[in-house]
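Going down the list, the sequences are from chains A and B.
Going by the UniProt record's numbering, the residue at position 56 of the first sequence is 56; the numbering climbs one at a time, nothing skipped.
Going by the UniProt record's numbering, the residue at position 59 of the second sequence is 59; the numbering climbs one at a time, nothing skipped.
Below: one structure, written as structure tokens.
Number of protein chains: 2
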Amino acid sequence: MTATPDLSDRIRAAVITYLDRIGTASSSQIAELYAIDATLEDPAGSPTRTGRAEITDFYRGLDNVDAHAELLTLRISGTTAAFHFRVTTNLPQATVVVEPIDVMTFDQTGHITSMRAIWSPADMTMTPS
Amino acid sequence: MTATPDLSDRIRAAVITYLDRIGTASSSQIAELYAIDATLEDPAGSPTRTGRAEITDFYRGLDNVDAHAELLTLRISGTTAAFHFRVTTNLPQATVVVEPIDVMTFDQTGHITSMRAIWSPADMTMTPS
């Protein structure tokens with residue numbers, strides 16, 4: 001299926017909202033961006049989480065953390081987005097930076113139907129505070 | 001499945017070889033990097049090509065073209081690689097640059113089992129010669 005310009009715009013907006021919510025929203029507000037039966041695999045190769053309850057659970061680790069995300073590169077094609085981004089997490093002892101490439105597919109309403117995050121510990125840097 | 005360090009190294013080498021062959025090798029030499037029954041979707045959302053004959057056919061357009069590819073960012077996780085790269089094609093009338101994000105999965109021997117390229121015409125630039 002080829003994306004209409006409308007769907008492409010909707011996907012772009014959803015990615016930007018997603019990255020914004022990583023820094024500012026609760027885990028359930030992040031999970032609301034996903035379709036009801038969506039799947040999440042982060043990092044790719046780890047067990048797949050399915051549905052909003054499991055997906056909310058995944059993001060719970062961000063609920064009490066000072067983190068923010070910046071978009072570096074976004075590509076959209078059909079119903080798929082791939083984007084390179086930077087997540088900076090300020091811990092009491094250190095600042096941790098990771099720059100994954102995420103791959104997401106979307107339904108026609110712009111909800112995420114699947115997410116796979118491609119990164120490894122080698123892509124993280126840690127700077128003591 | 002989680003990547004062993006060995007498989008991760010093999011995937012990294014395969015991606016680098018792939019980008020190198022885009023500039024220097026024949027379409028069949030590029031197709032040899034794929035598993036026998038691999039799939040290719042470029043751009044994502046277009047019809048899937050399956051097997052080496054169809055994949056060779058896809059790359060035939062590069063056979064007589066002055067092109068080269070540079071890796072910008074590579075992430076590997078499990079059996080999946082995602083990479084942002086730049087392809088520069090020198091045509092008689094113009095230089096065309098496109099910077100897709102490709103997502104590839106690999107078998108244990110380091111052959112590509114699937115490739116999806118995420119990009120759209122908006123990601124291309126053209127400079128008249």
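Glycine is no exception: its CB is placed at the ideal position from the N, C-alpha and C atoms.
The structure displayed is predicted, hence computed values, not measured ones.
{"Item": "Same chain, Cβ closer than 7 Å to residue 127/A, five either side skipped, listed in chain order", "Value": "94, 95"}
{"Item": "Residue 14/B, DSSP secondary structure in three states", "Value": "helix"}
{"Item": "Among 64/A, 123/A, 99/A, nearest to residue 70/A - alpha-carbon criterion", "Value": "99/A"}
{"Item": "C-alpha gap between residue 108/B and residue 124/B, whole angstroms", "Value": "34 Å"}
{"Item": "Where the alpha helix (DSSP H) containing residue 105/B begins and where it ends", "Value": "No alpha helix (DSSP H) contains residue 105/B, which is instead part of the beta strand (DSSP E) from 101-106."}
{"Item": "Which listed residue (16/B, 119/B, 57/B, 64/B) has its alpha carbon closest to that of residue 83/A", "Value": "119/B"}
{"Item": "Short CB-CB distance (under 8 Å) between residue 76/B and chain A", "Value": "yes"}
{"Item": "DSSP-derived helix/strand/coil call for residue 121/B", "Value": "helix"}
{"Item": "Cβ-based neighbour list, residue 105/A, same chain, cut-off 7 Å, excluding 5 preceding and 5 following", "Value": "79, 80, 113, 114"}
{"Item": "Three-state secondary structure (DSSP) of residue 39/A", "Value": "strand"}
{"Item": "Residue-chain proximity (residue 65/B, chain A), Cβ-Cβ < 8 Å", "Value": "no"}
{"Item": "Close beta carbons around residue 44/B, own chain, < 7 Å, minus the five adjacent residues each side", "Value": "116, 117, 118"}
{"Item": "Cα-Cα separation, residue 23/B to residue 60/B", "Value": "12 Å"}
{"Item": "Residues from the region 77-110 of chain A in contact with chain B, defined by Cβ distance under 8 Å", "Value": "77, 78, 79, 80, 81, 82, 83, 84, 99, 100, 101, 103"}
{"Item": "Where residue 31/A falls, given that 16 or more other Cβ within 10 Å makes a residue buried", "Value": "buried"}
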